[in-house]
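Working notes, structure below.
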Amino acid sequence: MELTSSNLNELRKLISLRLDPLIDGEVVLTDLPYHKNIGDILIWGGEIEYLKHRKIKCLSQTSFNTFNFPVLPDNVTILLHGGGNFGDLYRVCQDFRLKVIQTYPKNKIVMFPQSSYYRDMTLMRKDAQIFAQHKNLYLCARDRNTFSMMKETFSNHILLVPDMAFFLDCSMLRTLASSDNIEFQSKKVCWIKRKDTEYRSENEPILNTNLVVSDWPTFERTNASFWVLEKLLGIHRRIKFKCIHRVLGELIDYYAGNYIRPYAIKLGCQFINQFSEVISSRLHGMILALLLSKSVIYQDNISCKLSSFCNTWFTYDSDIIK
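Those letters in the sequence shown? Residues 32 to 353, by this note's numbering.
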């Protein structure tokens, strides 16, 4: 069974219902994914589509590398990118959030939907103490496990919100998927097998001639566009002169937003579209396959965010995903 337009509209309505009252006026969007993970870039695409839908004026889009902590008027809302890096598994992202929260105590801050994972409960409580100092901070959880953890530990405003990738336009994704004459291999099944510390080896599919094993294509081979981005970021980190550092940062932001983001979304669509069925250990491999009307089976990661996500949003019909 496919994810129907009715199912998708319900998820989008929930996103709007929870976020519309919080986000208005002028905003800045930061902590964006200037890296090879297509899943994170799909979230970014959904966030931009949501802001366009609301006609929200976005003053800047930056990563944690290029955000230079400017002076912001108190009425500007700071939006933090969503994803699955809330906790201690990807500490650089959490440390950046902490710094933003401490630097802008008077601005409203909204974190787009995240999954959380902590191995160190002491560190989690320390984070909660710092977060608690900000009185206008909204944390969005994208699954019930994360929502429960945040409710128990964090004293901020906590909301349960679907992943922002569901705000992507399905017709646009299908157009991208079929462009450049990418061949559809009707009998092939893709196992999107992540190659990082989040991989969990239980319940691996049985290898056969119809099964293609691959992570996101950006992780499988060198890619010129991402190579350029990595080199620019490396130069940016080494520059000491503030003026040059700021100008290069703005160039990187422009390159990432206008070239990397649309390119990565297109690449992900074309990759998924080659197959009739997808088995995925990546959450957004699963989500993109659903948006492209593929048959999907998920394989959980170490934090169980795939099963938690599905048990939160797809309990009404277990045939949508297995």
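Each residue gets a CB set at the ideal place from its N, CA and C atoms; glycine is no exception. The structure displayed is predicted, hence computed values, not measured ones.
> Does C335 come within less than 8 Å of chain D when only Cβ atoms are used?
Replying inline: Here there is only one protein chain, and chain D is not present.
>> If distances are taken between C-alpha atoms only, which option among N254, V107, V141, S256 comes closest to I189?
In response: V141
>> Quick check on the burial criterion: 16 or more other C-beta atoms within 10 angstroms. Buried or exposed for A255?
In response: exposed
> So, do the stretch 302–311 and the stretch 99–113 have three or more beta carbon pairs nearer to each other than 8 Å?
Replying inline: no
>> Which residue marks the beginning of the beta strand (DSSP E) containing Y148, and which one marks its end?
In response: 140–148
>> Please state whether the Cβ-Cβ distance between H315 and L39 is less than 8 Å.
In response: no
> Is L53 helix, strand or coil by DSSP?
Replying inline: coil
>> Please identify the residue among G280, F272, R313 whose C-alpha is closest to the C-alpha of S338.
In response: R313
> Name the DSSP bridge partner or partners of Q160?
Replying inline: Paired residue(s): none; Q160 is not in a bridge.
> Out of curiosity, what's the CA-to-CA distance linking M181 and D51?
Replying inline: 21 Å
> DSSP on E235, reduced to helix/strand/coil?
Replying inline: coil
> Taking the alpha-carbon positions, what's the L282 to K88 distance?
Replying inline: 20 Å
> Do you know how far the Cα of Y286 is from the Cα of P248?
Replying inline: 20 Å
> Quick one, which of W344, L48, T61, L279 has its alpha-carbon nearest K130's?
Replying inline: T61
> Is Q330 helix, strand or coil by DSSP?
Replying inline: coil
> Distance, Cα to Cα, M32 vs S326?
Replying inline: At M32, the pLDDT of 48 sits below 50, so the modelled position is not reliable and the matter cannot be decided from this model.
> Which of helix, strand or coil does DSSP assign to K88?
Replying inline: strand
>> In the DSSP output, which residue or residues are listed as bridge partners for I189?
In response: L170
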